[in-house]
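**Q**
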Ligand SMILES: [Zn+2]
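Numbering (this note's numbering), first residue to last: 26 to 204.
(1) Sort out for me which residues DSSP pairs residue 186 with in a bridge.
(2) How would you write the range of the alpha helix (DSSP H) that residue 150 sits in, first residue to last?
(3) For the alpha helix (DSSP H) containing residue 160, name the first residue and the last one.
(4) How would you label residue 127, buried or exposed, when you count the other beta carbons within 10 angstroms and need 16 or more for buried?
(5) What do you get for residue 116, buried or exposed, if any count of 16 or more other CB atoms within 10 angstroms of its CB means buried?
(6) In whole angstroms, what separates the C-alpha of residue 134 from that of residue 140?
(7) Is residue 189 near ligand 1, with its Cβ less than 7 Å from a heavy atom?
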């Protein structure tokens, strides 16, 4: 156990312990000291002895725990857990926070969502706004009716052609019906 005689120091507040708790721990022998500047001292040797006395078989004197969350949330979880572990004579030695990173899949998903959102906007635009259309008109050549009209009319009596507007045949005197 001699390899665990390393001394650790820390502020009680850093480890989620109130000053009262620290004083209690010093009295009970869990902590080795409490300095004027507010730091407490604990030796691993002491911890190891304590563990022996408790006769709880421990596989390792170290417990490594991960607390997931943003920095503040992880810290909060750590402090809560540290309180529980302090009762079992485990005290935090070091802590590191590794900033999480978005996975490659998250980026692809985000990109896809971007495309989907843009696609939906385009789709809505397509429904609301009609595109520019083309009006196709077919023209057919046709002579005017005037040109098709005969210049004169046929007299039913003498079969001579007289002017279209005539009321009376100029050859036989036949009287056309007035329109
Ligand atoms: Zn006539």
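Even glycine gets a Cβ: it sits at the ideal position worked out from N, Cα and C.
**A** Here's the rundown:
(1) 179
(2) 129 to 153
(3) Element bounds for residue 160: n/a, residue is neither H nor E.
(4) exposed
(5) buried
(6) 10 Å
(7) no
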